[in-house]
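Everything on this sheet refers to the single structure shown next.
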Amino acid sequence: MVLPQFWWLLLIATLGQLAYFVAFFILRWRSKDVQEMPLATQASLWIGGLCGLGYGFMQSDFLFVVGQACVLLIAIRMTRKNGAE
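Adding 33 to a residue's 1-based position in the sequence shown gives its number in this note's numbering.
In structure tokens form, the structure reads like this:
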């Protein structure tokens, strides 16, 4: 099996988003209350989303770009919501 040309961007995107969702589920499992995400967890989502977006552009994969753009829109909304409180 041959790896894609920019496999390292895909690896960073996958690990960053995985770290975010693991932390999210751990926080939700500990308490049923909505808790603010730690800054490092939010950063992993941003880094994963941006690397995924870059990978999508490099591979000319429209669907991947749209999916990662949606991840970044969610991150923007969460950041604005946390900043307003």
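All C-beta atoms, glycine included, are put in the ideal place defined by N, C-alpha and C. Since the structure is predicted, the reported quantities are computational estimates derived from the model, not experimental observations.
- Taking C-alpha positions only, residue 69 is separated from residue 36 by approximately 37 Å.
- With a cutoff of 8 Å on beta-carbon distance, residue 75 and residue 86 are scored as not near each other.
- At a cut-off of 4 residues, the continuous stretches assigned as alpha helix (DSSP H) that sit fully inside the region 38-87 are 40-63.
- Residue 49 and residue 81 do touch by the CB rule: their CB atoms are close to 2 Å apart, below 8 Å.
- Nearest C-alpha to residue 109 among 47, 71, 78, 63: 78.
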